[in-house]
Amino acid sequence: MKIGIYGGTFNPIHLGHMEAARFAVEYLELDQLLLVPAGIPPHKTMDAETPGPDCRLAMTDLAAQAVGPAAEASDMELRREGKSYTLDTVRALRAQYPKARLYLLMGTDMFLTFHLWRGPGEIAKLCTLCAFGRSEKDTEELFAVQRAFLGERFGAEIITLALPRIVDISSTRLREELRLGRGLEYLDPAVYGFILRKGLYGVERDLKNLSLEDLRAAALSMLKRSRVPHVLGAEEAAARLACRWGVDEETARRAALLHDCTKKLNEEQHRALIRQYHIQLDREEQGEPKLYHAVTGAAVAKHVFGVPSAVESAIRWHTTGKADMTTLEKIIYLADYIEPTRDFCDLRPLRELAFQDLDRAMLLGLEMSIEGLEKRGVAVNSYSVRARDHLKGKLSDHEKRQA
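Quick note on our numbering: the sequence shown kicks off at 1 and runs consecutively.
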């Protein structure tokens with residue numbers, strides 16, 4: 001098993017870190033890459049405005065999800081008391097994975113000063129050193145001198161990596177850029193969204209009056225990475241349906257972006273939001289935790305992001321539907337169902353019908369959903385049944401008037 005260890009203050013973690021992480025996973029064929037935010041870095045002092053450990057860990061986790069399935073954020077240095085020495089981290093991982101091959105990843109500055117670290121000889125015995133450059137100024141000539149020195153002094157096994165794509169930014173400079181309202185191009189959208197929602201690094205926005213771009217980033221920061229393609233697909237499907245059926249496109253996009261904003265929460269967290277926002281659930285809803293995200297998502301969209309009641313309602317009913325839905329509510333229900341990444345059944349007829357006859361598409365979608373639940377032996381929500389029956393009656397009445 002090959003395990004990479006990539007530590008740093010990650011204050012904040014940015015695309016330079018992520019590019020290095022992705023390349024290391026691919027080049028070294030790593031089975032696992034641990035991104036390890038430092039608790040108290042021994043080589044620098046973090047200023048008073050530095051986000052707390054929970055925030056830095058959350059940003060690192062979002063970045064790790066974007067890097068790929070091999071990457072994960074580790075809180076081992078944040079949990080450990082005292083300064084975050086790499087020696088302690090490597091020792092702990094060697095004890096945890098005695099048969100694994102460990103690779104310690106580091107940037108240019110760390111590599112060139114490695115001999116000054118605590119226990120460099122022991123670190124070199126426990127893992128392979130992997131250094132990569134951060135800018136075009138990093139030259140092989142400079143690396144070669146240090147590589148020869150560390151090899152001779154500590155018997156270190158060293159790999160130097162030439163990054164194919166260089167993102168020339170430091171966290172220090174990025175923090176300065178963010179305070180000036182710049183630098184977004186150096187951040188993963190979800191990481192920026194987290195910074196925006198928490199008001200970190202001087203990024204101050206009124207969450208109830210975000211631009212569409214900022215709302216998209218905020219929404220992505222609230223999702224598991226695996227759900228991001230679905231939400232972005234639903235946004236585009238909702239925009240197309242809105243244009244087809246005469247609804248404001250940006251309104252539809254906002255509803256779609258937030259429709260799953262609490263999807264990743266566990267039942268306890270949903271119940272906390274239900275109490276916080278004084279949400280009244282009927283008896284049936286109380287017994288269906290899998291539907292909580294629609295209810296709590298609508299509440300968060302309203303109270304945190306200030307969406308109008310029409311958007312709140314569209315999010316509230318995007319899973320079950322209800323009788324006598326508005327056009328926006330139907331659009332969000334269908335966009336959630338037919339967006340391009342959905343492949344649980346043949347959705348071609350429903351996708352075509354959604355742009356031909358909105359009510360008939362809603363009816364077909366509800367019937368497909370109900371049938372699927374019944375086949376799996378899952379209780380069908382009464383709101384879905386009433387929505388289906390309402391549409392059947394509406395379409396029947398229409399046909400009678402046409403006769």
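Beta carbons: idealized from backbone N, C-alpha and C, even for Gly.
- A direct Cα-to-Cα measurement between Ala314 and Ala301 gives close to 11 Å.
- Per DSSP, the continuous beta strand (DSSP E) segment holding Gln32 begins and ends at Gln32 to Pro37.
- Judged by DSSP in its simplified three-state form, Lys125 adopts helix.
- Taking a C-beta distance under 8 Å as the contact criterion, Met59 and Thr9 do not qualify as a contact pair.
- Runs of the beta strand (DSSP E) lying entirely within the segment 154-233, each at least 3 residues long, are 158-161 in chain order.
- With contacts defined by Cβ atoms closer than 8 Å, Thr89 and Ile166 do not form a contacting pair.
- Per DSSP, the beta-bridge partners of Cys130 are Leu105 and Ile159.
- For Glu268, the uninterrupted alpha helix (DSSP H) run begins and ends at Glu267 to Gln276, by DSSP.
- With a threshold of 16 other beta carbon atoms within 10 Å, Gln269 falls short and is exposed.
- With fewer than 16 neighbouring CB atoms inside 10 Å of its own CB, Met1 falls in the exposed class.
- Here Ala64 is buried, its C-beta having at least 16 other C-beta atoms within 10 Å.
- The beta carbon of Ile158 is closer than 8 Å to those of Thr128, Leu129, Cys130, Ala131, Arg147, Leu150 and Gly151 in its chain, skipping five residues each way along the sequence.
- Remark: C-beta atoms of Leu93 and Leu102 approach each other more closely than 8 Å.
- When Leu291, Gln276 and Lys99 are compared, the shortest CA-CA separation from Ser382 is found for Leu291.
- Distance check between Asn11 and each of Asp31, Arg56, Gly321 and Ala20 places Arg56 closest, using alpha-carbon atoms only.
- The criterion of a C-beta distance shorter than 8 Å is not satisfied by Ala20 and Leu200.
- Secondary structure note for Ala100: it is in no alpha helix (DSSP H), with a DSSP letter that is neither H nor E.
- Remark: C-beta atoms of Ala219 and Tyr192 do not approach each other more closely than 8 Å.
- DSSP, reduced to helix, strand and coil, places Ala71 within a strand of the structure shown.
- Membership of Tyr6 in any alpha helix (DSSP H) is not indicated; the residue belongs instead to the beta strand (DSSP E) covering Lys2 to Gly8.
- Between Arg316 and Ala294, the gap from beta carbon to beta carbon is short of 8 Å.
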